[in-house]
Structures are given as C-alpha cells and as structure tokens.
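Trainee: The opening residue of the sequence shown carries number 1046 in the working numbering; numbering runs sequentially from there. Glycine included, every Cβ here is placed at the ideal spot set by N, Cα and C.
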Amino acid sequence: MNADTQRADRKAWIGLAVLVLPVLLVSLDMHVLSYALPMISSSLEPSSSELLWIIDIYPFMLAGLLLTMGTLGDRIGRRKLLMFGAVAFGTASALGAYSSSAEMLILTRALLGVGGATLMPSTLSLIRNMFHNAEQRRAAIAVWTGAFAGGAMLGPLMGGAILEKFWWGAVFLVNLPVMAVLVVLAPLLLPESKDSNPGRFDFLSSFLSLAALLPTIYGVQHMAGEGVSALPIATIVIGLTVGYFFLRRQRMLAQPMLDIKLFRSRAFTASITANTLGVFSMVGSSLFTTQYLQMVAGVRPFVAGLYALPAAGAAMTAASLAPIVVRRVRPAFVVGTGLLIGAVGFVILGQVDGGTGIAALVAGTATMAGGITLVLTISSDMIISTAPPEKAGTVSGLSQIATEFGGALGISILGSVGTAVYRSDLADKAPQGVAPATLESARDTLGTALDVTSRMPKDLGQALADAARTSFTHGLQMAMFTAAGLLVLMALLAVTLLRKVSIPTRSAEPAAPESPVAPVLHQPEPRPVHAFQGAPGQYGHDGYGTSQDRSAGYGGSTEANFYGPQGGSEQYGDPGTYGTAGQGRARHRRGGEENPFERR
C-alpha cells in the first residue's frame, strides 16, 4: 500500500469540519467572557476574589487536566472521550448561563474547564489517526490551528455582538447547539481510535500532574497582578516540586503517562518551545490591546471586536498557506520566518500612540497573528507527528499544556513589564494636587485609575485620566518591544535546532506489504546484529526528525520493554527497532513496520 492509497476520503474531511467545532468554542470561551464581566458584576455582585476565580478557574482546570484526559483518551477511545466532553461542556454551559450566584458560576466554569480538557486533545489526536498521509495531515492540522486562532480573534467580536442584544448568560448558550451537532455527528463521521496496549492507568501520575500544573500556572499568572509576592512564589515552588516527583515517577515506569524520551528529539523540543512562545506573545499582547481599545481609544466592545477581524483573517490565511510553504521550504526557515514576522508585528504595535493608535494596533495585530499562526501550524504538526500514533492523545495533551502555560507566561511576564512601566510613568506624569493615596490607587491599573478619576473634581480628574492613559500606552509599547525581542531570539534558536529537520514526501504511517503477482522468496544476505539495532537515540518515527533521529532511530538495546511486551507492538520491534544509517533492513525484525527514515 503506497501513500496515495492511504489518502483520506471525503468522509474524513467532513469529519474534520465536525472536529473543529469544539476547538472553535473552547478558544472562544477563553476570550468571550472578558466583555461580560461588568454585567456579571452587576448581576451576581461577586467579591473581587470571586470575580478573579470566575475568570481563572476555567483555564486552570483546562490546563491541569489536559495530560490526564489525553492519556485517558488513548485508553478508552478518543471519540468516546470527545463525546463525553461534549456532553459535559454543553451541560456546564447551560448551568453557567443561568447561574444565580457567583459560587455557582465558579463551579460551572470549573466544569467547563473539565469538559474543555477532554475536547482539545481528543480533536488533535483524532486528526493524527484519521489522516495517515503526511501532506493531508498537515492540511488538516492547518484547519485545526486556523479554527483555534480564529476563535481567539473572533471571541471579542462575538462577545460584543451578543452582549449588545442579550444578557450575559447568552455567551454560554451559544455552546449548546454546537455541542449537540457534535454529539449527533461524531459517531457517524469520526472513527474510533485508541492504544491497543495502553497498560494500567496510573492514578498517582494523574494526581501529580494536576498538583504540579495548577499551582505553577496560578502563580505565574498572578504575578502579573500581584507582582513578586509571597503567594505566587510559594505556589510556583510547590508546583515545581511536585513536578519534579512527577517526572521522576515517569522515568521509573515501564509505561509512563508522559514519555520523557520525547524531549530528546530536537524537532519535538523546538516545536514545543516555539508553540509556547507563540501563544505567550499572542495572549500577552491581547491583555494590552483589548484594554487600549476600550479604555484609551474609548470604543464599544462590538466595535473593538470588529478591529480584530483583520487579525482573524491573517491567522486563517497563514494557517492555510503553511502546508503549501513547508513543502518547498525547510521547517527551520518557515518557523524562523514566522517568528520574525510576528516580531515585526510587535514592533508595529510598539508604535501605538495617541496619533496612530488604532491604525498601528490593527496593522500590528494582523501582522503578528499571521506570523505566529504560521509557527503554530507547523509546530503543532511536528509535535503530533513526532510521537507514535498510539500515544497521540498524550502528546496532544502535552501540546495543549504548552499552549496554556504559554498564555499564562505571556500574561505574567508581558503584564509585569507593562505594569512596571505604567506605575513608574504615572508617578512622574501625575498632575499637581492629586492626593498621595489617590495616586497610589490610580497606579494599580488603568481601570482603577479611570474609576478613581470619575469621582474627582472634573479638571483634576481629567488630567489624571489623561496621564494614566499615556502611561498605559507607554507600558504597552515596552511590553510589545519585549515580545519582539523574545521572538527574534526564538527565531534564531528554532533555525539552529530545526536546521536538519526535513518534511517527508510520503505517508508517515507504516505501509503494509503488497502481495506480489507470484510469490518470490528472497533471502537477504546475513547482517550482523548491530545492523538491526539502533543506538539509544531519539524519536525518528513519523515525518520529522533530524539526521541524528533518522540514523539512530528510537530505542536502542535498553528499550526492550518499551511499548508492549519485548517492544513487539505494531510500531516497534525488538530492541533497536530502527536500523543504523546504511545498515539494517527496511523492516523491523518483528515489528513489521517500514522505517520511513532509513537511508536507501
């Protein structure tokens, strides 16, 4: 069977359209709520702490459970997990829409996070197993990435449009018809896939991963608002300590929840890093652009959403072009160029001021979104393609953890840079006559400053408000230049790490032997054992890998018990599955899979 006969049929592409629906919704739900917060505050009257938890509990639960849910999908079936998640997501959305108290809304947002944690890795791992042809899979992942990036950009527009006509609960109700369509069509269009030999589910590893991720992300995200204070530092230390024990346990297990050896692959490590930094910059910048549009430029939420349309269009265009470009240009240069385009976008955003504010913001956001989406599309494909198909759920979960962690880092680091500049600048620019206590309150955030100035004498309040807006703009500029510098550094790192990674020209899945017209027995000439045994090396499994990956392969003599008894699963044969370069045969001794990277 050749690559052409493994190409996906029309049913798979229709199934892909179903798969992007939950991705779009999960991405929308990350951003749509921010515009509803004033209405929620008026209706439910939450305390400041409760309001913070309403915002944070969804991404915290989502990030904390991604790895566990990805692993669970590998065991019970990815389609089954997707349908369970759709029901949970829809139920939580209905409960959230009609929440009668802040506590109830916090609980339903937590349930939404649990549902979202099942949806994201399930969709990406199903794509991994629906599209065996490498080029088709890249195109499918491009659609998936475009939906995710487009949802992030369109969230403000949808939120603004809904809230101008309906009450705040309506932002949750839009999820219900989409989840209903998913539950009905998934059994008809999506094939079930799971690990045929998953081993025992490790509840301790699941608990440790949750206990490591939640406090770490909490601490990183809250540093943006609280600065370097005791509580965020303590939670980060706790999370990293638990994370150490989690990684230590993974090294000890014969069938770990997370295979640490994945990170030996330069393609995998560089892709995860690029993915994290790309989301870091996008989420971190949105923290400033949304506030600028509403509190500096003074536009309504719906109009602010309209200004996001060029960025959404740029993101979707970049996602659709990525599979075409990467056929002609090595991944290192595609990823590096995308990061540099993103850096140019941030430099444009750094030009935002009173005279060119909205024009520079729209142009910079669109440029940044196009460049970063190009990176996310290629890096997502490399991440999911580097690992074996039976571990697609786990690796998809890990990819999404990088996304969530990148967002938290972006809010924390870029937010801290912008806040530091804002506080320092406002202290210098504040007009004479402002009471020290009032000025100190105004230096917290721009929103606080505008609230404080509304209660001051008109002329003095207006002068302080103007100074606060100017100081915020300076903070935005410094944060954007910081992001640009980080992307340039990451571009250099990506080109260095990925310079030997190439794109496969045929199917990444193992090809079954074709039946010859007449049976012919062929005895290969004897080869020494080492010709079949790869040195302990990196993943060279699927579509991507450095020259070292391709020559050494995965495994080596110490990996006899990895993935099934004696390593004899469908994908892996005896110790040293892939032969060394120039040696070995095209097939394993026992695994029966053709080595896509063997040099002929």
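If I'm right that glycine 1026 touches leucine 1164 with Cβ under 8 angstroms, what's the distance once you round it to whole angstroms?
Mentor: The shown model of the chain, from 1046 to 1645, leaves out residue 1026, and the question about it has no answer.
Trainee: Please state the DSSP three-state secondary structure of arginine 1544.
Mentor: coil
Trainee: For the alpha helix (DSSP H) holding tryptophan 1189, just list the boundary residues, first then last.
Mentor: 1179 to 1210
Trainee: Identify which residue in Ala1482, Ala1528, Gly1492 has its Cα closest to the Cα of valine 1392.
Mentor: Taking only the C-alpha atoms, the option nearest valine 1392 is Ala1528.
Trainee: Glycine 1530: buried (16+ other C-beta within 10 angstroms of its C-beta) or exposed?
Mentor: exposed
Trainee: Among Ala1480, Phe1176, Val1071, which one has its Cα closest to the Cα of arginine 1055?
Mentor: Of Ala1480, Phe1176, Val1071, the residue nearest in Cα terms is Phe1176.
Trainee: If you drop the 5 nearest sequence neighbours on each side, which residues of the same chain put their C-beta closer than 8 angstroms to that of serine 1560?
Mentor: Summary for serine 1560: the model assigns pLDDT 39, below 50, so the residue's position carries little reliability; its value from the coordinates is reported in the next sentence. The answer is none, since no qualifying residue turns up.
Trainee: Would phenylalanine 1252 be called buried (16 or more neighbouring beta carbons within 10 Å of its own) or exposed?
Mentor: Counting Cβ neighbours within 10 Å, phenylalanine 1252 comes out exposed, since fewer than 16 surround it.
Trainee: On the criterion of 16 or more Cβ atoms from any shown chain inside 10 Å, does serine 1424 qualify as buried, or is it exposed?
Mentor: The C-beta of serine 1424 has 16 or more other C-beta atoms within 10 Å across all chains shown, which makes the residue buried.
Trainee: Please name the residue in Ser1146, Ser1330, Ala1539 whose C-alpha comes closest to that of serine 1087.
Mentor: Ser1146
Trainee: Thinking C-alpha only, which one of Gly1135, Met1084, Ile1121, Thr1448 is nearest serine 1238?
Mentor: Ranking Gly1135, Met1084, Ile1121, Thr1448 by Cα distance to serine 1238 puts Ile1121 first.
Trainee: Nearest-angstrom Cα distance between alanine 1179 and isoleucine 1369?
Mentor: 12 angstroms
Trainee: Under the three-state reduction of DSSP, which class applies to asparagine 1242: helix, strand or coil?
Mentor: coil
Trainee: So, is isoleucine 1278 buried or exposed, given that buried needs 16 or more other C-beta atoms within 10 angstroms?
Mentor: exposed
Trainee: Please list the terminal residues of the continuous alpha helix (DSSP H) segment that includes valine 1216.
Mentor: Note, valine 1216: alpha helix (DSSP H), 1215 to 1218.
Trainee: Using the rule of at least 16 other Cβ atoms within 10 Å of the residue's Cβ for burial, across every protein chain shown, is glutamate 1449 buried or exposed?
Mentor: buried
Trainee: Among the candidates Leu1061, Leu1542, Asp1074, Ala1062, whose CA atom is the shortest distance from the CA of arginine 1309?
Mentor: Leu1542
Trainee: For leucine 1303, collect the residues of the same chain with a Cβ closer than 7 angstroms to its Cβ; drop the 5 residues on either side in sequence, then sort them by chain order.
Mentor: Cβ within range, chain order: Leu1112, Gln1295, Thr1439, Leu1443.
Trainee: Residue ranges of each alpha helix (DSSP H) run of no fewer than 4 residues wholly in the region 1364 to 1397, ordered along the chain?
Mentor: 1376 to 1394
Trainee: So, is glycine 1200 buried or exposed, given that buried needs 16 or more other C-beta atoms within 10 angstroms?
Mentor: Buried is the call here.
Trainee: By a C-beta neighbour count over all protein chains shown, 10 Å radius and 16 as the cutoff for buried, is isoleucine 1386 buried or exposed?
Mentor: With 16 or more other CB atoms across the displayed protein chains lying within 10 angstroms of its CB, isoleucine 1386 is buried.
Trainee: Short check: CB of glutamine 1181 to CB of alanine 1377, under 9 angstroms?
Mentor: no
Trainee: Run the CB neighbour count on isoleucine 1458, radius 10 Å, all protein chains shown included, and call it buried at 16 or more, exposed below.
Mentor: buried
Trainee: What residue range is occupied by the uninterrupted alpha helix (DSSP H) comprising proline 1502?
Mentor: Counting along the chain, proline 1502 falls outside any alpha helix (DSSP H), and DSSP gives it neither H nor E.
Trainee: Check the Cβ-Cβ distances between glutamine 1396 and every residue of chain B, and say whether any is below 9 angstroms.
Mentor: The question asks about chain B, but that chain is absent: this structure has only one protein chain.
Trainee: So glutamate 1090 is in the alpha helix (DSSP H); what residue range does that whole segment cover?
Mentor: Run containing glutamate 1090: none; DSSP gives neither H nor E here.
Trainee: If you follow the alpha helix (DSSP H) that tyrosine 1289 is in, where does it begin and where does it stop?
Mentor: 1275 to 1297
Trainee: Ignore the nearest five residues each way along the sequence and tell me which others in asparagine 1320's own chain have a CB closer than 8 angstroms to its CB.
Mentor: Val1420, Leu1421, Ser1424, Ser1425, Ile1428, Ser1444, Ala1447, Thr1448, Gly1451
Trainee: How is glutamine 1477 classed by DSSP in three states: helix, strand or coil?
Mentor: coil
Trainee: Under a Cβ-count criterion, where at least 16 other Cβ atoms within 10 Å of its own Cβ denotes burial, should threonine 1493 be classed as buried or exposed?
Mentor: exposed
Trainee: So methionine 1427 is in the alpha helix (DSSP H); what residue range does that whole segment cover?
Mentor: 1402 to 1431
Trainee: Is it buried or exposed for methionine 1268, if we count other Cβ within 10 angstroms and need 16 for buried?
Mentor: Methionine 1268 is buried by the Cβ-count criterion.
Trainee: Return the chain-ordered list of same chain residues with a C-beta closer than 6 angstroms to the C-beta of glycine 1264, the five sequence neighbours on each side being excluded.
Mentor: Pro1277, Thr1280, Ile1281
Trainee: Contact check, leucine 1078 vs isoleucine 1100 under 8 angstroms by CB: the rounded distance?
Mentor: 7 angstroms
Trainee: Is the Cβ-Cβ distance between leucine 1322 and leucine 1107 less than 9 angstroms?
Mentor: no
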